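A.B. asks:
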Amino acid sequence: MLSTFSGQVHGGSPDHWAQYGHAYRKAWAEAGHPAEEADIAVAVHGFVGENGREAKATYLEHEARMFQTGSAEIGRPMKTPAGRENDSEPGGMVFAGSADEITDRILHLHERLGHSRQIFQMDVGGLPHDSFLKGIELLGSQVLPQIQRELGKPVA
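Positions 236 to 391 (the working numbering) are the ones given, in order, by the sequence shown.
(1) Give the DSSP-derived three-state secondary structure of Ile309 in the structure shown.
(2) If we count Cβ pairs, one from each stretch, closer than 8 Å, do we get three or more for the region 336 to 353 versus the region 302 to 313?
(3) Output needed for Ile309: all residues of its chain with C-beta closer than 6 Å, excluding positions within five of it in sequence on either side, in chain order.
(4) Taking all protein chains shown into account, decide if Lys388 is buried (16 or more other Cβ within 10 angstroms of its Cβ) or exposed.
(5) Which class does Val359 belong to by DSSP, given the choice of helix, strand or coil?
(6) Would you tell me roughly how many angstroms separate the C-alpha atoms of Gly326 and His364, rounded to the nearest one?
(7) In the structure shown, what three-state DSSP assignment does Gly370 receive?
(8) Suppose you measure from the CA of His257 to the CA of Ala278; what does that come to, to the nearest Å?
(9) Buried or exposed: Gly267, going by 16 or more other Cβ atoms within 10 Å of its Cβ?
(10) Quick one: does Gly305 have its CB under 8 Å from some CB of chain D?
(11) Going by CA-CA distance only, name the one from Ala262, Ser366 and Ser376 that's closest to Phe282.
(12) For Leu342, which residues of its own chain have a beta-carbon under 7 Å away from its beta-carbon, when the five flanking residues on both sides are left out?
(13) His280 and Val359 - do their beta-carbons sit closer together than 8 Å?
(14) Quick one, are the C-beta atoms of Glu324 and Gly287 less than 8 Å apart?
Structural data, given as structure tokens:
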């Protein structure tokens with residue numbers, strides 16, 4: 236039997252969200268299942284680019300557009316939440332940056348949470364199709380192999 240805990244994370248820190256993973260594993264074990272068999276997936280907003288600074292700027296530009304469009308649709312003008320750029324730095328939960336930065340961020344979160352799946356929502360605010368495809372390519376060709384080497388096993 237396999238169970239998955241997954242949630243869309245919009246803020247906080249890896250340490251904050253790791254609490255939920257630990258609570259899930261505890262409940263899983265209390266229900267009579269081996270804690271190490273609890274499968275945890277983490278979904279985050281993010282974007283992988285060739286250059287970390289440009290990737291963050293691109294992501295934040297399109298995220299701001301997403302906030303503006305969404306708030307206009309419900310008739311409540313809203314600005315992008317203050318300090319959002321800090322969420323894309325280590326310690327935040329927006330995973331935008333270069334392949335090496337994203338690899339480090341995933342591995343850092345894995346140390347705290349032990350998750351087995353990392354899900355990226357990159358298609359925000361009308362991100363250009365070619366940028367989106369390049370981000371997917373970088374995840375598969377650079378980020379995933381680094382994580383597999385570091386963890387010593389294939390990952391999903």
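The beta-carbon is built from N, C-alpha and C at its ideal position, and this holds for glycine as well.
Computed from a predicted structure; not experimentally measured.
C.D. replies: In terms of the structure at hand:
(1) coil
(2) The region 336 to 353 vs the region 302 to 313: no contact.
(3) none
(4) Note on Lys388: under 16 other CB atoms within 10 angstroms of its CB, so exposed under the neighbour-count rule.
(5) coil
(6) 28 Å
(7) Judged by DSSP in its simplified three-state form, Gly370 adopts helix.
(8) 17 Å
(9) exposed
(10) This model lacks chain D altogether; it includes just one protein chain.
(11) Ser366
(12) Ile382 and Glu385
(13) yes
(14) No, they are not a contact pair.
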